[in-house]
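>
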Amino acid sequence: MWRGLYTAATGMITETKRTDTIANNLANANTTGFKRDDAVTSDFEPMLIRRINDQSGPKDVTEFKGFSLGKKAPVVGELGLGSQVSAIATDHAQGSLQTTGNQLDFAVQGEGYFRIATPRGERYTRDGNFYRNADGRLVTANGNNVLDDRGRPITIPEEAASFLVSPGGSISANGVQVARLGLVVFPGGDEVMAKEGNNLYRVDDPAQRPQQAAGSIQQGALERSNTEVVSEMVNLIANYRAYEASSKAVTTQDSMLDKSVNEVGRNS
118 MWRGLYTAAT GMITETKRTD TIANNLANAN TTGFKRDDAV TSDFEPMLIR
168 RINDQSGPKD VTEFKGFSLG KKAPVVGELG LGSQVSAIAT DHAQGSLQTT
218 GNQLDFAVQG EGYFRIATPR GERYTRDGNF YRNADGRLVT ANGNNVLDDR
268 GRPITIPEEA ASFLVSPGGS ISANGVQVAR LGLVVFPGGD EVMAKEGNNL
318 YRVDDPAQRP QQAAGSIQQG ALERSNTEVV SEMVNLIANY RAYEASSKAV
368 TTQDSMLDKS VNEVGRNS
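118 is the number of the first residue of the sequence shown in the numbering used here; add one for each residue after it.
1) Output the distance between the C-alpha atoms of N316 and T124, rounded to the nearest integer angstrom.
2) Classify K376 as helix, strand or coil using the three-state DSSP reduction.
3) In the DSSP assignment, find the unbroken beta strand (DSSP E) run with L198 in it and report its ends.
4) Rank Y357, K152, V302 and Q336 by C-alpha distance to the C-alpha of Q220 and give the top, closest one.
5) Within 10 angstroms of the Cβ of S279, are there 16 or more other Cβ atoms? Answer buried if so, exposed if not.
6) Since R249 sits in a beta bridge, which residues does DSSP pair it with?
7) Cutting at 7 Å between CB atoms, please list the residues of its own chain near N142, excluding the five before and the five after it.
8) Here's the rule I'm using: 16 or more other beta-carbon atoms within 10 Å means buried, otherwise exposed. How should N352 be labelled?
9) Quick one: what's R120 bridged to in DSSP?
10) So, at 6 Å on beta carbons, what are the nonlocal neighbours of T207 in its own chain, with the 5 sequence-adjacent residues on each side left out?
11) Could you pull out every residue in the same chain whose Cβ sits closer than 8 Å to the Cβ of A311, ignoring the five residues on either side in sequence?
12) Less than 8 Å between the C-beta atoms of E308 and T149, yes or no?
13) Kindly indicate the opening and closing residues of the beta strand (DSSP E) around K312.
14) Looking at the structure shown, is E228 part of a helix, part of a strand, or coil, going by DSSP?
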């Protein structure tokens, strides 16, 4: 009976974490370049159940019922011990592109991430909503430098009235190429990238060296979040129902335990 309480409780904990994941997706439905997450669940290692005490009397109980297995206790089956969230997986599917007309907005079409210099080291993002600071450098909304294909900050000349970015990432000011946006991928794929916050990703494995990406850049546009609000709301309703079912299981187990202690024990 105690095991039933624990098993149902793990289901409630799992669905709570899934709710947090869905809520985060919904909260970032309008965040540029955001990639939605999925809570991946798995079972705890199941327990193999066997019959015991079948030979405690003068005659084997199983033999009495006509299916004696000798000295080996018969297997009843496997007993599940609950569920857990084993990982938070990120869906890196392409988001739709939204035209803004701002020459400092860039959207990645296909694979690739912009290189960003932060106080914690180089980071990566799909958010191409950039600005030009007082020093003429191309920066993110948080003031971090956007890097070129050689890992250097990108500076736009002050005298440049306008500039163009080619699909390959080449930045031209007044018809002269001044830099090339660093658009990179990693040999291990998107799976080696971990979310860090502020729409940034990091790569912890030093063996994963950034490589030039094959994606293209569209100037004057931004990639929207790949979160689909309707789908997330449907998932949220299903998640609530699963949580409610586990909650009722806990209530039922608690009621049975209460009767066992206060009624069965009193009458014995």
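Every residue, glycine too, gets a C-beta built ideally from N, C-alpha and C.
Bear in mind that the values here come from a model prediction, so they are computed numbers and not experimental data.
Inspection of the coordinates gives the following:
1) 36 Å
2) Collapsing the DSSP output to three states places K376 in a helix.
3) From DSSP, L198 is part of no beta strand (DSSP E); its letter is neither H nor E.
4) Q336
5) Label assigned to S279: exposed.
6) L255
7) Close CB contacts of N142 within its chain, under the 7 Å cut and outside five residues either way in sequence, are with R153, D154, T344 and E349 (chain order).
8) Buried, because 16 or more other Cβ atoms sit within 10 Å of the Cβ of N352.
9) According to DSSP, which records beta bridges pairwise, R120 is partnered with nothing at all.
10) K152 and D154
11) In chain order, Y318, R319, V320 and D321 place their CB closer than 8 Å to the CB of A311, counting only its own chain and leaving out the 5 sequence neighbours on each side.
12) no
13) M310 to G314
14) In the structure shown, E228 adopts coil according to DSSP, grouped into three states.
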